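Here the sequence shown is numbered in the working numbering, starting from 3 and rising by one per residue. Each residue gets a CB set at the ideal place from its N, CA and C atoms; glycine is no exception. Predicted model only: the values in this text are computed from it and were never measured.
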Amino acid sequence: MSIALRRPRALALVAGVTAAAAVSAAGPAAAATVTGTQTAVTPDPGLVTALTGLGAKVGLTGAATADASGRFVYPITGGSLTADLKGKIGHTGGLQITPKAGLKFGIQQFVIDTRREPQLTAVPTLAGFPLGIRVPVATITDVTVTSAPPATVVKGTVKLTDIGALYINTFLGTSAVKRGTVFGTAEATVTLGS
């Protein structure tokens, strides 16, 4: 899922190296289409331990996969970004938590939104069915950006919002998960088109 929004000139320069060919001459506000590829999330061991301690199991849904190192990998489906990486990045696949007792719940259709403070929004699911709303489930902090032509790699720390924490607590019957709890670290590898 660090996108430093306090990026001075250095960040604009790094982003510009890979995005310059894709961004039109209209200026820095022009957006390029996101064409791929994936965001890999490394779950925080502390949160995983807490969830398993409550008897819950964490799994993936849809096109999401787990790689050899245990990261959750979500394919990028599209979006758009300006030269200074303001915009949205859409994903397919989801995350599902199975409680010791009760209904499975989760989130899907992640969107990384960097138009203001970086955040992760998603559509909640219950018993495998989407609830039809999109909510901010996490913030993204400590963002870094590196150029890896033809891609740009954006890394950050994913921390639960009030909504994200409440969602987990409600269906697990606990109050242990708090706002700001680290969900994990995210690494988005992004390619841009015209």
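Please go through the same chain and pick out, in chain order, the residues whose beta-carbon is closer than 6 Å to the beta-carbon of residue i, but skip the five residues on each side of it.
{"i": "Val137", "result": "Ile165"}
{"i": "Val125", "result": "Gln110, Gln111, Pro132, Arg136"}
{"i": "Gly182", "result": "Lys161"}
Between which two residues does the alpha helix (DSSP H) carrying residue i extend?
{"i": "Thr51", "result": "47 to 55"}
Verify whether the separation of the beta carbon atoms of residue i and residue j is less than 8 Å.
{"i": "Val113", "j": "Gly134", "result": "no"}
{"i": "Thr127", "j": "Gly104", "result": "no"}
{"i": "Ala32", "j": "Thr84", "result": "yes"}
{"i": "Val184", "j": "Asp69", "result": "no"}
Just to confirm the assignment, what range does the beta strand (DSSP E) spanning residue i have?
{"i": "Asp164", "result": "Per DSSP, Asp164 belongs to no beta strand (DSSP E); it is in the alpha helix (DSSP H), 164 to 174."}
{"i": "Gly72", "result": "Counting along the chain, Gly72 falls outside any beta strand (DSSP E), and DSSP gives it neither H nor E."}
{"i": "Ser149", "result": "137 to 150"}
{"i": "Leu194", "result": "184 to 194"}
{"i": "Thr127", "result": "121 to 128"}
Since residue i contacts residue j with CB under 8 Å, what's their CB separation in whole angstroms?
{"i": "Gly168", "j": "Ala140", "result": "The amino acid occupying residue 168 in the given sequence is Leu; Gly does not appear at that position. Not a contact, Cβ separation roughly 13 Å."}
{"i": "Val50", "j": "Ile99", "result": "The Cβ separation is near 11 Å, so there is no contact."}
{"i": "Arg117", "j": "Gly95", "result": "Arg117 to Gly95, Cβ: 23 Å. No contact."}
{"i": "Gly175", "j": "Val43", "result": "Gly175 to Val43, Cβ: 25 Å. No contact."}
{"i": "Thr159", "j": "Ile142", "result": "7 Å"}
{"i": "Lys106", "j": "Gly130", "result": "6 Å"}
{"i": "Val147", "j": "Leu87", "result": "7 Å"}
For residue i, which residues from the same chain have a beta carbon less than 8 Å from its beta carbon, with the 5 sequence-adjacent residues on both sides left out?
{"i": "Ser177", "result": "Asn171"}
{"i": "Ser71", "result": "Thr44"}
> Counting Cβ pairs closer than 8 Å, one from the segment 33 to 42 and one from the segment 72 to 86, do we hit at least three?
Replying inline: Enough Cβ pairs lie closer than 8 Å, so yes.
>> Using a Cβ distance threshold of 8 Å, determine whether the segment 187 to 195 contacts the segment 151 to 158, with at least three qualifying pairs required.
In response: The segment 187 to 195, when compared against the segment 151 to 158, does touch it at the 8 Å Cβ threshold.
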